[in-house]
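Quick mapping for you: the protein sequence lines, in order, are chains A and B. Quick note on numbering: the first sequence equals residues 1 to 424 in this note's numbering. Quick note on numbering: the second sequence equals residues 1001 to 1897 in this note's numbering. In this text, a Cβ means the ideal position worked out from N, Cα and C, and glycines have one as well. Inspection log for the structure reproduced underneath, given as structure tokens.
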Amino acid sequence: MERPLTSNIYPDRPPLNLKEYEKAGGYIALRKACSGMSPAALQKLVQDSNLKGRGGAGFNTGIKWSLVPMGDEAPHPKYLIANADEMEPGTFKDRVLLEGNPHQLIEGMILAAYAIQADIAYVFLRWAYHEAAALLRKSIQEAYDAGYLGKDILGSGFHLDMHLHTGVGRYMCGEETALLNALEGKRATPRAKPPFPQVSGLFGKPTIVNNVETLCCIPHIVNNGADWFKGLSYSEDGGTKLYGVSGKVKKPGAWELPMGITMRELIEEHAGGMKSGFQLKGVLPGGASTDFLTVQHLDIKLDYKSVAAAGSRLGTGTMIVMDDGTCPVGFVHNLQHFFAQESCGWCTPCREGLPWVEKILLAMEKGEGRKEDLELLQMHTQLLGPGNTFCALAPGAMEPLQSALKYFRDDFEKHIDHKKCPYD
Amino acid sequence: MPTIYIDNKPFDVKTGKNLLEACLSLGLDLPYFCWHPAMGSIGACRQCAVKVFKDEEDTRGRIVMSCMEGVKDGLRVSINDETAKAFRSQVVEWLMTNHPHDCPVCDEGGSCHLQDMTVMTGHNYRRYEFKKRTYTNQYLGPLINHEMNRCIQCYRCVRFYKDYAGGKDLNVFSAHNHVYFGREKEGILQSPYSGNLAEVCPTGVFTDKTLKEHYTRKWDLTNAPSVCQHCSLGCNVIAGERYGQLRNIVNRYNGEVNGYFLCDKGRFGYEFVNSENRITQPLIRNQTIEATTHDKLIQHVGKLVSGHTLIGIGSPRASLESNYALLELVGKENFYQGIPDDLAYVEQKIVDVLQSGAIHTPSLKEIEQADAVLILGEDIWNTASVMALAVRQSVMKTAANHTTEQIPLPSWHDMAIKELVQETKGFLANMTVLPSQLDEIAATSMRAAPDDLARLGFAIAHILNPSLPEVPDAGEMINTQATIISKALQQAKHPVIITGTSCWSNALIRAAFDIAAALNGGLAFVLPECNSLGLAMMRAPSFDKAAAHVQQTTNTTAIILENDLYRCIPAIEADAFFSRCKNIIVLDTLHNRTTERAHVLIPAATFAEADGTFVNNEARAQRSSQVFMPANKVIRESFKWLSDIKALQTTAGNGHERHPDDLLLALENRFPQFAGINKVAPPHNFRIHGARIPRESHRYSGRTAITANMAVSEPKPLQDDDSSLSYTMEGYRGLPPAPLIPFFWSPGWNSGQSVNKYQQEVGGMLKGGDPGIRLFEQTTTLPTFYRDVPEAFVPRPDRWMLLPQYHLFGSGELSVYTAGIASLSSGPYISLSKQDAERSHVKDGDMVSVKTDGKTYTFPLSIQESLPDGIVLLPAGLRGMDALSWGSWVNISTEIV
């Protein structure tokens, strides 16, 4: 089984430096691109590979790139941004890549920048990833020194500058347009789409924001071709995927596996199954903002389409397992506390609705819940839906709540009926 | 014109609008908060949700925010859809989770957009049972009150304050449901447009602090359409009265003039009407001051006017009616403008230019839409504040139009446009003596003496039209600037040149004219007072001529109309004038240095107590209506006093009282340049279905009790013979003609946002046309260029050129009667350039003396980095400050006193 993204990552030793990375085949893809591959050909290659955005939305990366204005008339500077703001609760896959092989990301970014003919690249890094920050700083410098960044990269006539930007720890910055505002030094509130960042992005210029894992796939696609990449997968979405499992499993962690393995295989084989004494009660398959799946869904394939068909989202592919000893109401309250706090305060439903939801759930936990509260919660799951709010934060927050109300309704009712948390 | 289907009914709507604008323009009710007609859409509040359907088959539809959805042909939308209604009601419930439930003690109550929208959505029952979020309020200065708990986070305040008006000290802080709108630290709001926060805020976070001093609900005010008295722009305002006191000023929308916004001087500078310094008794001064009655006064004045040489001194702040009544009384040949010769000369140039028909003078709206602006010598930030706001819009809109030519975005999509445009700006050249905040948005700025600015102007004109003379020895700075500016002006489709009288330089007017004429661009002027242009159009001689006249006679009775001569004429000259007059009759509203000289003092009505017509800087005549009749019957409109006196002269004395309509008609008949002015407002006998337009809302309370302390029976309503407005709650309840809108109200729309219902389309002109009659329009007349380039300004070794420095707060005669404005006014100081200060061995704060007009003025020095050498500035018009001979060369003494 090929593991292109993580084959050079070893938990027990420091990441590859530039020399070691080059020795392991690094920057060959960049040399290939720079020796005569046209930006259009690179875009086409990535489109054909069926690489889908690994940040959670699952949009075809090559198609996303193709919306950037190209040619002599295109506005400049254009920007390429690596979204390394990994703030989704329970998600730690990008961290593996950032700390494990920073040059892989840098090469992927240079290639992506080349494909859209960007002039400036930024890594927008989660504030808490101090180790990744240090590694990236060092690696970007190494890449400059080696001529992979800066003017006339590898004699191709292509110029690219790369900067590291560390955020201040707002979940909102994971949303690409809020990220752009934050990068401009403005409040991290989302922007309206359209216009899309490809047309009017950072500082009003054409911009692509890609997830770290997405960008890390690019060098391997360039090296090995679109068909090879598609062949890595068990499903129609191309490539491997970094899956993660947290919760009361025997071996929590992250693994690079073919896209489309089943949830059962991931939890039982790779994560070693549930710790003894605990039963699996629910799973958030792709981070805190995805709908619960339950035991009945264990055999679904973990790809974008199959998870969606089961009523949830693959999201980041890093799942949180909820066991039978954890109170679903408390669990969801914890999530809603997070989302209410991370709401940027721009639109009314999110700003005012989420704290209300959070307060209701806390009241339930304290045994102060009322029957009508279930209706209020239900109402919020409907009215904080996509389109009603400005961005996807509140709809995402409602996903675990609406599915918890569906699958674990009796838990909610017990809190109200018994006037206390039955798990206490 | 696209057709859209709203709840299955077809409507033709205007291209390029969003769905919310389209619905509101159709007169439909759709609630909103964050959208503002002048500021566009941001999609934050989610209040204006509607459902749109793909086609006729689609029954599910999807919720969209109508403010973020452009209209397109065939669009199917439902306002009444149950899901959309439920969502809109839910948005209000969410907003209300933290909102205080104390409308009765909130200043906004009764004119609150949040109240209106809450009622409109139908939300009424509270389900949120947890504690409310609370905030700490801030002290924001003497004009604006802050109550953050009422905030519904619509972001309008910061969008207006920062984005629209360029302020820096109001911001949004924190996040999630602790978003906070205020200053980093509490303190006085720095923007001169801060008062608009009270109107853009849809609830009671930002309210008018001056109103709080004598609070009255909107529905209890007696209102009238008024015109601002504090500068020459003639912004339309609504003034409200109760218990004989003027309580507040709010914006009166005029699409061509002020649009939605006022400056703080205009909004808050009304307290002079209520001042204790008002003249409340006719006085006949002999050895002792003697208060008298109306009849005795008239009798006495009759003696003074007969058998004496009569002269009249008019006023740039009095209405045309009063000025004309004075002219009629004293005779045209004895009527003088109460302004100095140098200023009168500059103003006459402006009238000549406008009357020639050779150029177009733009309205404020047209300035907003200009795509290149050159300011030549006028400090509009201080002398015409709302024009500075219009210039800012031009700079922003030009940038937006330019960038959206490449990437098409609808003009209402404020959020996307700001992201795309970023820091790009349209072209503004701010060429002035002193720096101002406009430099921040200017593409180029220059500081020079007025004559050098005029030379720059002529240099630009020469590039635009090489047949115009070259500027000899122009120098590198002028040549470089002229090249940059002429290029930008040539590329523009709607260039505007702005100049004015504040430098007292007619060279500037001539240079600006030559540029505008060479370009066929707009030329806007700024004048000193609210009726400066109206008075100048009467083409009467200046004060200096009156002074010369009294030198030759010993038997003069001078009648001085609403004009404190000591504010514009140096004291020596004013004293000399008065000492030559045998009798001095003064009509005015407030005691001042001129009224002290009066032998007969006549209490005049302020703008709020009088009808009157004023001509603004674009020669737009506008009617300001009486807001209330003073209980004190001897306070009367000057034109009425003057007509009474006039009646004494004529043996006929038929007792026919003269209305503003009659006076305007007579004015127009006498001076063709005023042709059409009697159409400025419907005549006093105008009625709709036999009814007058009420100044009071139908909810006006206390009518039967308001005078019960004097008599228990309800008094007869006051009779207004001068206008078609009534002093009652009864009357025509539909839309009045635009010049007669006493207040904005519509069923379900109690706040000022009801202006939507008075407009042909939201943000467009008022139904029936925006008020005002433009007296001069461009004709086919070919321009006669001035071509007279002045000599370069050369600093003199031991003398400085004395020029005025203006302050929005402080330079005005009347506005400083508002305590808040007085407290924000600057004290007197003297400004010199950095180099001149160094040469004179003085530093900031040292006392410096200027000798001029027979006196020595000693004030602290304020060094102005960029001021040209050879110039000394003194603040103009500060209370207690004499009028000086601006433009003259003066001595400076720097010896420490």
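A straight line joining the alpha-carbon of Asp94(A) with that of Leu136(A) spans about 13 Å. The continuous beta strand (DSSP E) containing Glu256(A) extends over residues 253-258. In terms of Cβ geometry, Leu1020(B) and Gly1314(B) do not form a close pair [threshold 8 Å]. Per DSSP, the continuous beta strand (DSSP E) segment holding Asp1012(B) begins and ends at 1009-1012.
Interface residue (Cβ-Cβ distance to chain A less than 8 Å): Thr1203(B) is not classified as such. Neighbours of Gln1115(B) in chain A, taken as residues whose beta carbon is under 7 Å from its own, are absent, since the nearest beta carbon is some 17 Å off. Every alpha helix (DSSP H) of 4 residues or more that sits fully in the segment 1012-1083 of chain B is shown, in chain order, as 1019-1025. Contact with chain A is found for Gln1090(B), since one of that chain's Cβ atoms lies less than 8 Å from the residue's Cβ. His1176(B) and Ala340(A) have their C-alpha atoms spaced approximately 7 Å apart. According to the DSSP secondary-structure assignment, Arg1620(B) is paired through a beta bridge with Arg1774(B).
In the assembly as shown, Met1(A) is an exposed residue. Its beta-carbon has fewer than 16 other beta-carbons within 10 Å.
As far as DSSP is concerned, Arg1247(B) takes part in no beta bridge.
Here the C-alpha atom of Ser7(A) lies approximately 26 Å from the C-alpha atom of Lys44(A).
Within the segment 1173-1201 of chain B, Ser1174, Ala1175, His1176, Asn1177, His1178, Val1179 place their CB atoms closer than 9 Å to a CB of chain A, listed in sequence order. Between Ser343(A) and chain B, the shortest Cβ-Cβ separation is below 8 Å.
Annotation for Leu298(A): no alpha helix (DSSP H) segment contains it, and DSSP assigns it neither H nor E. Judged by DSSP in its simplified three-state form, Thr1852(B) adopts strand. Interface criterion not met: the Cβ of Val307(A) is under 8 Å from no Cβ in chain B.
For Met322(A), the enclosing beta strand (DSSP E) begins and ends at 318-323. For the C-beta of Ser200(A), the chain B residues within less than 7 Å are, from N- to C-terminus, Ile1407, Ala1416, Glu1419, Leu1420. For Phe412(A), the secondary structure class from DSSP, reduced to helix, strand or coil, is helix. According to the DSSP assignment, Ala1511(B) belongs to the alpha helix (DSSP H) that extends over 1506-1519. Distance from Thr290(A) to Gly253(A) at the Cβ level is roughly 19 Å; contact not present, criterion being Cβ atoms closer than 8 Å.
Apart from the 5 residues on each side of it in sequence, Ala113(A) sits with its Cβ closer than 7 Å to the Cβ of Leu80, Ala121, Leu160 in its chain, given in chain order. Assigned with DSSP and collapsed to three states, Met162(A) falls in strand. Contact annotation, Thr1083(B) with Lys1051(B): C-beta distance approximately 6 Å; criterion of less than 8 Å satisfied.
The beta carbon of Ile1417(B) lies closer than 7 Å to those of Ala1400, Thr1404, Leu1409 in the same chain, with the five residues before and after it left out.
Taken atom to atom, the span from the alpha-carbon of Lys151(A) to that of Ala143(A) is near 12 Å. For Lys406(A), the uninterrupted alpha helix (DSSP H) segment begins and ends at 393-407.
Under DSSP, Ile1498(B) shares a beta bridge with Ile1375(B), Ala1524(B). Interface criterion met: the Cβ of Leu1095(B) is under 8 Å from a Cβ in chain A. For a Cβ distance threshold of 7 Å, residue set Glu1419, Leu1420, Val1421, Gln1422 of chain B lies close to Gly204(A), ordered along the chain.
Of the other Cβ atoms in all chains shown, fewer than 16 fall within 10 Å of the Cβ of Lys1679(B); this residue is therefore exposed. Residue state for Glu1241(B) is assigned as strand, using DSSP reduced to three classes. Only those residues of the segment 1148-1171 of chain B whose C-beta falls short of 7 Å from the nearest C-beta of chain A are listed: Gln1153.
Thr1557(B): member of the beta strand (DSSP E) spanning 1556-1561, first to last residue.
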